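First the structure, in the form of structure tokens, and then the observations on it.
Residue numbers (the numbering used here): 99 to 555.
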């Protein structure tokens, strides 16, 4: 059985080296020293490398963006560990194949005393029931599972499986790592490029690195298509070097695509950065994140809705016009559509970021809600209640109510909150923008002790 496994592993490796395989497959590292990037995990003495070399791996989850080396680490574990190793693709396989692999793992342990590592590629694509199928076998030790995912495992991996695994976070590759990969691709004699003399200027190298956005697979794909394109153009005359310049690269790669997952973590991270940039009064950062979302294909109305909420939550009465601008931008987008719809959205984003900020009205509601939860639904004072019937009038509903417009002063001296809350203050306007005017008005119009500020909670 182990001989068969060795043959399968070698056969798999030979396929990766085939000239028909993508360059990223042909250049997979053969040992841990060849691995590029993720030095916080696989440098000599680092935790993951130590566990691999000592063959003491726990079940683990490799979480990282595309092209960060998750599958390559799986291959290296296959070559380094003394255990049997099986690959399971969550895209190509299902419960039936999983059960067959688990049964095979049990038989291997019974017959040869060798445990099995099951590498589950793209584990986030398995549903809850499919993940549940692995759980008892991970728990019993029948298999040691290594899951690879581009999605946050807190959301995509079931809690029982996650609690029995160690999560290792892989990062996008650094520019120096990507440049090292480029040189490996251009000078590795086992690839189709190794026999060619290829010149790449520092500017062209930076162009490819910028295009890759930390993704090794994307980088090597860009190198491969650029070389193929240059050769097809006849740029390599006999006995002359093949030169890759920025013109060839820009033609070969066309428009840069943005790294952004509309349904995953990027969706939440970028919208969070957008809102916090507006809150921090940074219009430059706000319009950058707006452009990043729209150019990557985010729903513009999702962004517009967030700006409408922001206009009330974070600007509020410091600039009462902010909500009008946000609503106008949403309506303008409906009317104009794309491709010009980004213009009113950019207008609103820069306005909101530059406006004075106050969350006083937002917090006033939260303070009032807290008292509602604490005291329940308290009845309004009698003089504020409606009295449409004779009985209600006899019960003093509405008795003593002072009509504000009949008062000589700015406001009537009467109680409006229930007795238990009569001295409560929820709205605390700040000294910013128009709210400063509101603050001064309330100082003179209200008999409550509202200032200096104090939290009702």
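Ideal placement from N, C-alpha and C gives every residue a C-beta, glycine not left out.
Bear in mind that the values here come from a model prediction, so they are computed numbers and not experimental data.
C-alpha distance - residue i paired with residue j, whole-angstrom precision
i, j, result
"residue 245", "residue 311", "24 Å"
"residue 119", "residue 402", "44 Å"
"residue 546", "residue 523", "8 Å"
"residue 155", "residue 266", "12 Å"
"residue 446", "residue 176", "53 Å"
"residue 150", "residue 463", "54 Å"
"residue 326", "residue 180", "40 Å"
"residue 534", "residue 477", "32 Å"
"residue 381", "residue 373", "11 Å"
"residue 219", "residue 201", "19 Å"
"residue 334", "residue 328", "Caution applies to residue 334, whose pLDDT of 49 falls short of 50 and renders its modelled position unreliable; the model cannot decide the point."
"residue 315", "residue 248", "14 Å"
"residue 540", "residue 528", "12 Å"
"residue 434", "residue 259", "48 Å"
"residue 411", "residue 432", "23 Å"
"residue 309", "residue 152", "37 Å"
"residue 455", "residue 375", "12 Å"
"residue 440", "residue 369", "16 Å"
"residue 253", "residue 170", "24 Å"
"residue 365", "residue 127", "32 Å"
"residue 198", "residue 191", "11 Å"
"residue 420", "residue 491", "44 Å"
"residue 425", "residue 363", "27 Å"
"residue 304", "residue 296", "16 Å"
"residue 346", "residue 123", "24 Å"
Extent of the continuous alpha helix (DSSP H) to which residue i belongs
i, result
"residue 147", "145 to 151"
"residue 472", "458 to 473"
"residue 390", "381 to 393"
"residue 131", "Taken as a continuous stretch (DSSP letters only), residue 131 belongs to no alpha helix (DSSP H), as it is neither H nor E."
"residue 122", "121 to 124"
"residue 308", "300 to 310"
"residue 193", "193 to 210"
"residue 535", "533 to 543"
"residue 449", "440 to 452"
"residue 172", "168 to 178"
"residue 432", "420 to 434"
"residue 526", "Segment: none, residue 526 is in no alpha helix (DSSP H) and carries neither H nor E."
First through last residue of the beta strand (DSSP E) which encompasses residue i
i, result
"residue 182", "182 to 187"
"residue 405", "No beta strand (DSSP E) holds residue 405; the alpha helix (DSSP H) holding it covers 398 to 408."
"residue 264", "264 to 267"
"residue 378", "No beta strand (DSSP E) contains residue 378, which DSSP labels as neither H nor E."
"residue 502", "Counting along the chain, residue 502 falls outside any beta strand (DSSP E), and DSSP gives it neither H nor E."
"residue 245", "241 to 247"
"residue 216", "214 to 219"
"residue 340", "340 to 342"
"residue 159", "158 to 161"
Contact check, residue i vs residue j, beta carbons under 8 Å
i, j, result
"residue 157", "residue 236", "yes"
"residue 165", "residue 275", "no"
"residue 139", "residue 130", "no"
"residue 243", "residue 213", "no"
"residue 193", "residue 229", "no"
"residue 317", "residue 279", "yes"
"residue 174", "residue 133", "yes"
"residue 442", "residue 427", "yes"
"residue 520", "residue 513", "yes"
"residue 183", "residue 215", "yes"
"residue 344", "residue 409", "no"
"residue 460", "residue 423", "no"
"residue 251", "residue 161", "yes"
"residue 531", "residue 417", "yes"
"residue 451", "residue 379", "yes"
"residue 217", "residue 172", "yes"
"residue 495", "residue 515", "no"
"residue 189", "residue 221", "no"
"residue 277", "residue 307", "yes"
Rounded distance between the beta-carbons of residue j and residue i, thought under 8 Å
i, j, result
"residue 526", "residue 458", "5 Å"
"residue 135", "residue 271", "4 Å"
"residue 320", "residue 351", "6 Å"
"residue 204", "residue 240", "6 Å"
"residue 282", "residue 125", "6 Å"
"residue 231", "residue 257", "That belief does not hold up - the Cβ atoms of residue 231 and residue 257 are roughly 16 Å apart, past 8 Å."
"residue 536", "residue 415", "6 Å"
Exercise. Touch check for the region 398 to 415 and the region 463 to 474: three-plus C-beta pairs under 8 Å?
Worked result: Taking 8 Å as the limit for Cβ pairs, the verdict is that the region 463 to 474 does not touch the region 398 to 415.
Exercise. Is the number of C-beta pairs between the region 454 to 472 and the region 384 to 404 that are closer than 8 Å three or more?
Worked result: At 8 Å Cβ cutoff, the stretches do not touch.
Exercise. Does the count of Cβ pairs from the region 493 to 501 and the region 370 to 390 closer than 8 Å reach three?
Worked result: Taking 8 Å as the limit for Cβ pairs, the verdict is that the region 370 to 390 does not touch the region 493 to 501.
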